[in-house]
Amino acid sequence: GKDFIMKNEHMALTLDGNTGKWKSLKDLHSGIEINVTNDMAVYYGMPGNCSRGDFQPSGAYIFRPNGTAPSGPSSAMLIKGPLVTEVHTSFSSWATLVTRMYTGEPYTEVEWTVGPIPIDDNLGKEVVVRFMTDLKTNSMFYTDANGREIITRKRDYRETWTFNQTEPVAGNYAPVNSRIYIKDDNKGLQFTVLNDRSQGGSSIQDGEVELMVHRRTLYDDCLGVGEPMNETGSDHNGLIIRGKMFVHSGTTDTAAQFHRDFALRQYMAPLPMFAVTDMKYSDYS
Amino acid sequence: TLNIQVLREAMGVVQHHDGVSGTEKQEVAYDYAMRLANGRTACQKVMNDAFAKLIQKGSEGFMGVAFCDLLNISACEVTQNNKQFVMVVYNPVGHTVSRWLRLPVIGEAYTVMGPDNSPVQTQIVPVTKRTMQIPERNGAIATNELVFKVSIPALGFSTYFIKMSNSKPTKEMQQSRMEKIQ
Numbered sequence: 001g002k003d004f005i006m007k008n009e010h011m012a013l014t015l016d017g018n019t020g021k022w023k024s025l026k027d028l029h030s031g032i033e034i035n036v037t038n039d040m041a042v043y044y045g046m047p048g049n050c051s052r053g054d055f056q057p058s059g060a061y062i063f064r065p066n067g068t069a070p071s072g073p074s075s076a077m078l079i080k081g082p083l084v085t086e087v088h089t090s091f092s093s094w095a096t097l098v099t100r101m102y103t104g105e106p107y108t109e110v111e112w113t114v115g116p117i118p119i120d121d122n123l124g125k126e127v128v129v130r131f132m133t134d135l136k137t138n139s140m141f142y143t144d145a146n147g148r149e150i151i152t153r154k155r156d157y158r159e160t161w162t163f164n165q166t167e168p169v170a171g172n173y174a175p176v177n178s179r180i181y182i183k184d185d186n187k188g189l190q191f192t193v194l195n196d197r198s199q200g201g202s203s204i205q206d207g208e209v210e211l212m213v214h215r216r217t218l219y220d221d222c223l224g225v226g227e228p229m230n231e232t233g234s235d236h237n238g239l240i241i242r243g244k245m246f247v248h249s250g251t252t253d254t255a256a257q258f259h260r261d262f263a264l265r266q267y268m269a270p271l272p273m274f275a276v277t278d279m280k281y282s283d284y285s
Numbered sequence: 286t287l288n289i290q291v292l293r294e295a296m297g298v299v300q301h302h303d304g305v306s307g308t309e310k311q312e313v314a315y316d317y318a319m320r321l322a323n324g325r326t327a328c329q330k331v332m333n334d335a336f337a338k339l340i341q342k343g344s345e346g347f348m349g350v351a352f353c354d355l356l357n358i359s360a361c362e363v364t365q366n367n368k369q370f371v372m373v374v375y376n377p378v379g380h381t382v383s384r385w386l387r388l389p390v391i392g393e394a395y396t397v398m399g400p401d402n403s404p405v406q407t408q409i410v411p412v413t414k415r416t417m418q419i420p421e422r423n424g425a426i427a428t429n430e431l432v433f434k435v436s437i438p439a440l441g442f443s444t445y446f447i448k449m450s451n452s453k454p455t456k457e458m459q460q461s462r463m464e465k466i467q
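Now the structure itself:
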């Protein structure tokens with residue numbers, strides 16, 4: 001029941017002893033600590049029948065949420081060791097997170113497993129992983145364009161035209177090909193999340209970062225696909241997907257050095273190959 | 286060149302906007318996936334041919350390398366079904382890199398020898414319900430993951446020799462301690 005700390009040479013992550021959720025993240029180089037919590041949440045896909053002229057439903061092209069349901073983890077497990085420490089948290093029977101900290105690495109790894117998304121309640125669902133910090137971000141967040149140029153995003157705003165926001169969530173989503181970050185210029189801090197695949201992401205509230213990891217919708221959005229996003233997989237229950245995010249918290253003047261260098265290593269990752277041998281090591285070597 | 290062409294053409298097809306954004310019909314998604322998988326298999330054959338040339342003559346036992354495409358979901362036929370195997374890690378980046386690897390295994394302790402003939406520190410992490418294999422992928426039987434760090438030279442490869450150990454774990458072979466958080 002007591003809070004506990006995952007720590008290495010670079011960072012210290014304090015976790016809630018009751019839930020396994022994050023509480024704060026400290027950059028040990030600058031000594032600056034931010035409050036940060038994480039969870040998984042579900043957006044319910046808007047139903048509708050656009051061919052009848054009803055509401056536009058959520059579908060392959062359209063992300064149109066109809067409310068959210070955040071969930072707290074129901075159970076957690078801590079696994080300690082000299083090389084890696086992990087906290088495994090279950091948010092439901094079909095949504096889990098593993099938080100990992102490796103010795104000597106300046107990032108925290110978050111591995112999510114989601115699915116099969118249940119649809120027996122006849123609701124399409126779009127699942128996000130969220131990080132909520134206390135950074136004052138002034139509606140701003142930053143996403144990349146294929147890992148190259150970083151694009152400044154501002155909530156409810158477009159640079160080149162007067163924007164009338166009608167979708168407070170979807171209207172603020174942006175493609176996140178490799179990274180998304182938020183900054184607090186007064187504190188001089190940056191909170192960066194790198195992903196392992198292109199996803200949609202946003203900062204719906206100041207200090208928050210979210211990435212959509214899995215979707216299962218029940219309606220076509222009438223934009224040409226002609227079917228809902230409902231891949232069932234070989235067992236017809238729905239897909240189970242696993243992926244990773246890499247979270248870094250540091251000063252704004254050092255964060256870019258981390259995410260540029262780390263992204264190169266991550267997205268051009270070494271390739272392991274295996275061979276069976278019955279030779280002794282001495283002979284083999 | 287013909288083998289590489291298979292993936293090259295598949296990538297060309299998947300650069301259709303439907304493939305990039307995921308707005309294709311499901312049947313088309315299956316077709317894209319099949320094309321990419323075929324291309325990947327063909328490229329793996331190219332890499333195996335290259336290895337066969339690199340390996341010195343006299344290594345008649347060399348049967349080629351296997352690529353564990355499902356390592357991300359803790360499934361790998363070679364690592365979970367053999368007490369001893371060799372891992373070659375290729376680094377495509379132009380400078381030395383290190384990386385943590387997690388190999389799905391069924392044993393409780395392993396000796397890992399690095400490219401410099403010295404033992405590598407490892408940690409066994411249990412596969413729990415939260416890190417379980419994806420059920421629809423058949424053949425995942427690992428109960429543990431063997432975690433260790435590899436270092437690979439620029440545009441080169443490192444070889445690691447991995448063997449299940451029956452003796453008591455040494456200081457290089459660390460187990461994990463589990464605690465339930467209530």
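Order-wise, the sequence lines are chains H and G. Taken in order, the first sequence gives residues 1 to 285; the numbers are from the numbering used here. Taken in order, the second sequence gives residues 286 to 467; the numbers are from the numbering used here. Just so it is clear, CB atoms sit at the ideal spot from N, CA and C, and this is done for glycine as well. Everything numeric in this text was worked out from a predicted model, so none of it was measured.
Contacts that residue i makes with chain H (C-beta to C-beta distance below 8 angstroms)
| i | result |
| --- | --- |
| G/R384 | R265, A269 and P270 |
| G/T286 | Within 8 angstroms Cβ-Cβ: nothing; G/T286 doesn't reach chain H, min ~20 angstroms. |
| G/Q369 | V276, T277 and D278 |
Interface partners of residue i on chain H, CB under 7 angstroms
| i | result |
| --- | --- |
| G/P438 | Near G/P438 there are no residues of chain H at all, since even the closest Cβ is about 11 angstroms away, more than 7 angstroms. |
| G/S450 | Simply none; closest approach about 12 angstroms. |
| G/T364 | F274 |
Cut-off 8 angstroms between Cβ atoms - residues of its own chain near residue i, not counting five sequence neighbours on either side
| i | result |
| --- | --- |
| H/L18 | In the sequence on display, residue 18 of chain H carries Asn and not Leu. Correct list, in chain order: G1. |
| H/N237 | P116 |
| H/S90 | P73, S74, S75, A76 and T96 |
| H/G200 | F63, Y173, A174, P175, V176, L211 and M212 |
| H/H214 | V114, G115, I117, E126, V127, L239 and I241 |
| H/I151 | Y142, T143, D144, A145 and A174 |
Cut-off 6 angstroms between Cβ atoms - residues of its own chain near residue i, not counting five sequence neighbours on either side
| i | result |
| --- | --- |
| G/P411 | N429 |
| H/F141 | R153, I182 and S203 |
| H/L25 | L13, I34, V36 and S249 |
| G/R387 | E430 and V432 |
| H/S198 | N177 |
| H/E208 | M132 |
| H/S139 | K154 and R155 |
| G/K434 | S383 and W385 |
First through last residue of the beta strand (DSSP E) which encompasses residue i
| i | result |
| --- | --- |
| H/G88 | The sequence given here places His at residue 88 of chain H; Gly does not occur at that position. Note, H/H88: beta strand (DSSP E), V84 to S92. |
| G/N323 | Note, G/N323: premise wrong, no beta strand (DSSP E); alpha helix (DSSP H) at Q311 to L339. |
| G/V363 | Note, G/V363: premise wrong, no beta strand (DSSP E); alpha helix (DSSP H) at E362 to N366. |
| H/Y142 | M140 to D144 |
| H/L78 | S75 to K80 |
| H/A12 | M11 to L15 |
| H/G201 | Q199 to S202 |
| H/G45 | E33 to G45 |
| H/H214 | E208 to R216 |
Sequence-distant residues of its chain with Cβ nearer than 7 angstroms to residue i (five each side left out)
| i | result |
| --- | --- |
| H/D184 | L135, K136 and T137 |
| H/L239 | G115, P116, E231 and G233 |
| H/R216 | I117, I119, G124, K125, M229, N230 and G238 |
| H/G226 | D220 |
Interface partners of residue i on chain H, CB under 9 angstroms
| i | result |
| --- | --- |
| G/Y375 | P270, L271, P272 and M273 |
| G/A351 | M273, F274, A275 and V276 |
| G/T455 | Per Cβ cutoff of 9 angstroms: no residues; G/T455 is ~13 angstroms from chain H at best. |
Residue i, enclosing alpha helix (DSSP H) - first and last residue
| i | result |
| --- | --- |
| G/L287 | L287 to V299 |
| H/A263 | T252 to Y267 |
| H/D283 | Y281 to Y284 |
| G/D303 | H302 to S306 |
| H/Q165 | Taken as a continuous stretch (DSSP letters only), H/Q165 belongs to no alpha helix (DSSP H), as it is neither H nor E. |
Contacts that residue i makes with chain G (C-beta to C-beta distance below 8 angstroms)
| i | result |
| --- | --- |
| H/P82 | Q406, Q408 and Q459 |
| H/E227 | K310 and Q311 |
| H/E231 | Q311 and A314 |
| H/S285 | M398, N402 and F446 |
Residue i versus the options, residue with shortest Cα-Cα distance
| i | options | result |
| --- | --- | --- |
| G/A327 | G/Y395, G/G304 and G/E294 | G/E294 |
| G/T455 | G/Q406, G/M463 and G/G304 | G/Q406 |
| H/L211 | H/K187, H/A174, H/R64 and H/A145 | H/A174 |
| H/D27 | H/Y43, H/P65 and H/I5 | H/I5 |
| H/N38 | H/Y44, H/H29, H/M46 and H/K21 | H/K21 |
| H/K80 | H/M101, H/Y61 and H/S93 | H/M101 |
| G/A318 | G/F336, G/V291 and G/A337 | G/V291 |
| H/V193 | H/T166, H/E105 and H/E109 | H/E109 |
| G/G441 | H/K23, H/S282, H/H29 and H/L271 | H/L271 |
| G/N375 | G/Y445, G/V298, G/A322 and G/S452 | The amino acid at residue 375 of chain G is misidentified as Asn; the sequence shows Tyr. Comparing Cα positions, the closest option is G/Y445. |
| G/A427 | G/R462, G/L356 and G/V435 | G/L356 |
| H/Q205 | H/N195, H/Q190, H/N186 and H/P168 | H/P168 |
| H/D156 | H/T166, H/E149, H/Y281 and H/I150 | H/T166 |
| H/N8 | H/Y107, H/L78, H/Y61 and H/S92 | H/Y107 |
| G/L287 | G/A322, G/V331 and G/V305 | G/V331 |
Residue i CB to nearest heavy atom of the ligand ADP below 7 angstroms
| i | result |
| --- | --- |
| H/D184 | As presented, the structure is devoid of all ligands, the ligand ADP included, so that no description of it is given. |
Cross-chain neighbours of residue i in chain G, by beta carbon under 9 angstroms
| i | result |
| --- | --- |
| H/E149 | Simply none; closest approach about 18 angstroms. |
Neighbouring residues, chain G, relative to residue i (Cβ below 7 angstroms)
| i | result |
| --- | --- |
| H/S24 | Chain G residues near H/S24: none, gap ~17 angstroms exceeds 7 angstroms. |
#### Entry: Three-pair Cβ contact test at 8 angstroms for the region 248-267 of chain H versus the region 121-131 of chain H
They do not touch, by the three-pair rule.
### Message
Tell me whether the region 270-284 of chain H and the region 307-326 of chain G touch, counting them as touching only if at least three CB pairs, one residue from each stretch, are closer than 8 angstroms.
### Response
no
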